[in-house]
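What follows is one structure encoded as structure tokens, with my remarks underneath.
Number of protein chains: 2
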Amino acid sequence: MRDYIETSGKGLRPALLLATCEAFGGNSENARVSAAVLELLHNAFLIHDDIEDQSDFRRGRECMHKRLGVPLAINTGDGMQSLALRLLRQNLGPLGPETGMRVVDEFDHLLQQSIEGQALELGWIRDNRLNVDASDYLRMCLKKTCWYSFIHPMRIGALIARPHDVASGALNLDDFNAFGFFLGAAFQIQDDVLNLVGSQDSYGKEIGGDIYEGKRTLMLGQLGLKAEEPEQARLAEMLSNPRDARSTQDVAWVLERMSHYGSIRYAQDAANDLLAAARNEFARVFAGTEDPPRAFLGQFMDYLVTRQV
Amino acid sequence: MRDYIETSGKGLRPALLLATCEAFGGNSENARVSAAVLELLHNAFLIHDDIEDQSDFRRGRECMHKRLGVPLAINTGDGMQSLALRLLRQNLGPLGPETGMRVVDEFDHLLQQSIEGQALELGWIRDNRLNVDASDYLRMCLKKTCWYSFIHPMRIGALIARPHDVASGALNLDDFNAFGFFLGAAFQIQDDVLNLVGSQDSYGKEIGGDIYEGKRTLMLGQLGLKAEEPEQARLAEMLSNPRDARSTQDVAWVLERMSHYGSIRYAQDAANDLLAAARNEFARVFAGTEDPPRAFLGQFMDYLVTRQV
Chain W
219 MRDYIETSGK GLRPALLLAT CEAFGGNSEN ARVSAAVLEL LHNAFLIHDD
269 IEDQSDFRRG RECMHKRLGV PLAINTGDGM QSLALRLLRQ NLGPLGPETG
319 MRVVDEFDHL LQQSIEGQAL ELGWIRDNRL NVDASDYLRM CLKKTCWYSF
369 IHPMRIGALI ARPHDVASGA LNLDDFNAFG FFLGAAFQIQ DDVLNLVGSQ
419 DSYGKEIGGD IYEGKRTLML GQLGLKAEEP EQARLAEMLS NPRDARSTQD
469 VAWVLERMSH YGSIRYAQDA ANDLLAAARN EFARVFAGTE DPPRAFLGQF
519 MDYLVTRQV
Chain U
219 MRDYIETSGK GLRPALLLAT CEAFGGNSEN ARVSAAVLEL LHNAFLIHDD
269 IEDQSDFRRG RECMHKRLGV PLAINTGDGM QSLALRLLRQ NLGPLGPETG
319 MRVVDEFDHL LQQSIEGQAL ELGWIRDNRL NVDASDYLRM CLKKTCWYSF
369 IHPMRIGALI ARPHDVASGA LNLDDFNAFG FFLGAAFQIQ DDVLNLVGSQ
419 DSYGKEIGGD IYEGKRTLML GQLGLKAEEP EQARLAEMLS NPRDARSTQD
469 VAWVLERMSH YGSIRYAQDA ANDLLAAARN EFARVFAGTE DPPRAFLGQF
519 MDYLVTRQV
């Protein structure tokens with residue numbers, strides 16, 4: 219269970235949770251266990267997602283199921299989920315039953331949404347859907363990524379900072395929802411773009427891996443809708459094959475068609491629009507909060523969507 | 219998520235939990251949510267186990283991952299685990315925070331032990347261990363099966379029946395541990411024997427499937443230790459192949475050697491000894507409890523270890 223944790227990534231989610239807690243005047247010590255639960259669940263999701271997506275690489279090395287086999291990797295993810303439950307339970311003492319239980323409810327919603335989002339995406343792949351439009355994609359992205367990676371980290375951080383304001387209604391946690399959605403969608407689209415145009419050394423996953431996996435990104439969705447009839451047939455045919463039957467030629471062809479139809483440009487524009495909306499929301503939601511953590515969150519936002527790796 | 223629940227098996231675990239609650243004078247209505255959590259987790263385990271063990275059949279039809287594919291099946295099991303967390307949280311209201319939290323702790327231990335047991339068994343298969351003796355097997359069986367299927371159902375049932383006696387120490391939940399271990403091990407060995415000698419129609423799984431899966435049963439362990447050198451080499455060779463490379467001839471040979479070395483007889487004797495020990499413990503632990511549910515539990519115990527299907 220230490221395997222993914224010890225080679226952990228950027229720690230975006232705990233950083234967002236802890237910084238939001240401090241921005242709202244809280245002591246981030248009180249949020250440490252919740253941040254750990256989040257990172258533990260994130261890594262558990264990654265282990266299972268890597269199997270579900272048939273990924274090969276993660277953080278610059280082979281995925282767990284490639285090294286230990288699928289059976290032990292599934293079980294390891296389950297083990298991390300059960301340790302997360304234990305940490306949540308330990309939280310109830312220090313936070314007090316009322317706030318502790320609200321944190322449990324945040325995690326409950328987070329889990330349900332993430333799993334539903336994953337079910338949507340896997341269902342599209344299984345059904346070989348080629349008419350995934352921007353609205354479908356954004357709904358999936360909200361469910362699969364935004365709640366657990368962006369919205370709930372901020373909600374939980376603010377809740378732990380100001381439990382009485384949340385209980386009285388003076389602080390409405392739903393205020394974070396739109397901001398987290400805009401930022402999360404911008405981040406995810408950027409991440410999907412990097413998967414197509416980045417370099418494996420710095421990105422840590424195989425380039426074009428999403429095309430091998432048949433992942434319904436905004437780019438693939440746009441291509442599926444824009445492409446001419448014979449190209450659509452070729453795309454559908456290629457994506458109906460098992461993953462191993464997709465060749466580097468197939469992937470190169472998809473990339474070339476994406477370039478032809480401006481799919482990547484389209485996605486980058488969408489990410490920029492979402493980022494602009496996120497900046498507006500950030501200014502509104504974090505107005506009047508404490509400055510060193512608030513400034514950190516501003517830089518954090520810029521980093522997320524301008525990073526090249 | 220309804221898929222395995224709606225074709226659910228015998229409901230042994232909820233039955234044991236609810237009957238124990240009533241035997242100890244409780245109202246089984248109060249235990250209903252906990253019984254549902256248990257059945258939900260059991261079915262979530264089965265979905266993941268069937269993938270991990272590369273099983274083909276469950277309850278007379280193809281396993282979920284054979285029908286929906288591995289990705290959606292992993293995600294479905296995760297979804298059921300997260301719904302179990304939600305039910306546990308709902309439990310805290312009706313049971314009160316103190317008893318509700320004790321129930322959470324019971325489930326925490328149950329999850330940890332089951333996942334460790336699964337890790338042990340999968341590790342033996344991965345490492346192609348052939349020196350799994352009775353002590354190794356029983357330890358794995360305690361962890362993987364007995365805690366969640368036998369010991370914790372009784373502990374939780376009794377806890378909900380008599381929360382004050384548990385809090386004061388008048389009722390010690392550890393009293394169920396030995397009984398649940400003996401009964402659970404007898405049940406598991408019997409289940410493993412049926413996998414080798416049962417009929418697929420009534421058993422619902424493929425006959426000899428455990429040998430295809432390389433499962434370290436008491437019989438395979440005994441054969442590995444008893445077999446002559448060249449037979450050991452053949453066994454090791456066969457079990458080092460991927461599952462699909464094991465032929466019906468291989469499986470028939472293993473069954474024949476088990477018969478030669480008395481492996482199945484040995485396991486049946488062990489199950490009978492464990493059952494005798496379980497009967498003693500049952501009489502001791504349930505002495506003075508209420509009779510209709512107590513009589514039911516006695517019959518339940520007989521059914522478990524004498525059933526042919």
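Protein chains in written order, with my numbering: chain W, 219 to 527; chain U, 219 to 527. The beta carbon of each residue, even a glycine, is placed where N, CA and C say it ideally should be.
Alpha-carbon spacing of residue i relative to residue j, whole angstroms
{"i": "A253 (chain W)", "j": "P371 (chain W)", "result": "8 Å"}
{"i": "Q308 (chain W)", "j": "Q450 (chain W)", "result": "53 Å"}
{"i": "D354 (chain W)", "j": "Q331 (chain W)", "result": "15 Å"}
{"i": "I223 (chain U)", "j": "F514 (chain U)", "result": "24 Å"}
{"i": "V527 (chain U)", "j": "G244 (chain U)", "result": "In this prediction, V527 (chain U) has a pLDDT of 49, which is less than 50 and means its spatial position is unreliable; what the coordinates show is noted afterwards. One C-alpha to the other measures close to 32 Å."}
{"i": "A581 (chain U)", "j": "P232 (chain W)", "result": "As shown, chain U starts at 219 and ends at 527. That puts residue 581 (chain U) outside it, with no answer to give."}
{"i": "G227 (chain W)", "j": "R502 (chain U)", "result": "54 Å"}
{"i": "L313 (chain W)", "j": "E447 (chain W)", "result": "59 Å"}
{"i": "F405 (chain W)", "j": "V523 (chain W)", "result": "5 Å"}
{"i": "G387 (chain W)", "j": "R304 (chain U)", "result": "24 Å"}
{"i": "L438 (chain W)", "j": "P289 (chain W)", "result": "31 Å"}
{"i": "M519 (chain U)", "j": "D326 (chain U)", "result": "26 Å"}
{"i": "R483 (chain U)", "j": "F275 (chain U)", "result": "26 Å"}
{"i": "G229 (chain W)", "j": "D392 (chain W)", "result": "24 Å"}
CB of residue i within 7 Å of CB of residue j, strictly
{"i": "T294 (chain U)", "j": "I269 (chain U)", "result": "no"}
{"i": "M298 (chain U)", "j": "A352 (chain U)", "result": "no"}
{"i": "F368 (chain U)", "j": "G398 (chain U)", "result": "yes"}
{"i": "A494 (chain W)", "j": "V411 (chain W)", "result": "no"}
{"i": "G432 (chain W)", "j": "L414 (chain W)", "result": "no"}
{"i": "E499 (chain U)", "j": "A396 (chain U)", "result": "yes"}
{"i": "A337 (chain W)", "j": "L401 (chain W)", "result": "no"}
{"i": "R461 (chain W)", "j": "Q272 (chain W)", "result": "yes"}
{"i": "R285 (chain U)", "j": "T225 (chain U)", "result": "no"}
{"i": "R319 (chain U)", "j": "E339 (chain U)", "result": "Reading the sequence as shown, one finds Met at residue 319 (chain U) and not Arg. No, they are not a contact pair."}
{"i": "L301 (chain U)", "j": "V322 (chain U)", "result": "no"}
Proximal chain W residues relative to residue i, where beta-carbon distance stays under 9 Å
{"i": "A337 (chain U)", "result": "L290, N293, T294, G297"}
{"i": "Q330 (chain U)", "result": "G297, S300, L301, R304"}
{"i": "G229 (chain U)", "result": "Here the premise fails: no neighbours, minimum Cβ distance about 23 Å."}
Own chain residues within Cβ distance below 7 Å of residue i, not counting five before or after
{"i": "R512 (chain U)", "result": "A241, F504"}
{"i": "N390 (chain W)", "result": "none"}
{"i": "L356 (chain U)", "result": "A403"}
{"i": "N349 (chain W)", "result": "G442, L443"}
{"i": "H283 (chain W)", "result": "D268, I269, A291"}
Residues near residue i in its chain [Cβ-Cβ closer than 6 Å; skip 5 each side]
{"i": "C239 (chain U)", "result": "S246, A249, G375, I378, A379"}
{"i": "R347 (chain U)", "result": "none"}
{"i": "I429 (chain U)", "result": "V469, V472"}
{"i": "R279 (chain W)", "result": "none"}
{"i": "Y366 (chain U)", "result": "L328, S332"}
{"i": "K361 (chain U)", "result": "Q331, E334, G335"}
{"i": "C364 (chain W)", "result": "G398, F399, G402"}
{"i": "A489 (chain W)", "result": "A404, I407, Q408"}
Residues of its chain near residue i, where Cβ-Cβ distance is below 8 Å and the 5 sequence neighbours each way are ignored
{"i": "R316 (chain U)", "result": "According to the sequence provided, residue 316 (chain U) is Glu. The question's Arg does not apply to it. Cβ within range, chain order: P381, A385."}
{"i": "L441 (chain W)", "result": "L453, V472, R475, M476, Y479, S481"}
{"i": "P510 (chain U)", "result": "E240"}
{"i": "L235 (chain U)", "result": "A249, S252, A253, L256, P371, M372, I374, G375"}
{"i": "E508 (chain U)", "result": "E240, A241, F242, G243"}
{"i": "H260 (chain W)", "result": "R231, Y366, S367"}
Proximal chain W residues relative to residue i, where beta-carbon distance stays under 7 Å
{"i": "P315 (chain U)", "result": "P315"}
8 Å Cβ cut-off: residues of chain U touching residue i
{"i": "G432 (chain W)", "result": "Those within 8 Å of G432 (chain W) in chain U number zero; the least Cβ separation is about 11 Å."}
{"i": "D326 (chain W)", "result": "S300, L303, R304, R307"}
Within chain U, the residues that residue i reaches when beta carbons sit closer than 7 Å
{"i": "V322 (chain W)", "result": "R307"}
{"i": "I333 (chain W)", "result": "N293, D296, G297, S300"}
{"i": "G287 (chain W)", "result": "R344"}
Cross-chain neighbours of residue i in chain W, by beta carbon under 8 Å
{"i": "D428 (chain U)", "result": "Neighbours of D428 (chain U) on chain W: none; closest Cβ ~15 Å, over 8 Å."}
Going along the segment 251-284 of chain U in order, which residues come within less than 7 Å of chain W, judged by CB to CB distance?
H266, I269, E270
With 8 Å as the limit, tell me which residues of the segment 339-368 of chain W have their beta carbon closer than that to any beta carbon of chain U; keep them in chain order.
L340, G341, I343, R344
According to a CB-to-CB cut-off of less than 8 Å, which residues of the segment 435-454 of chain U neighbour chain W?
none
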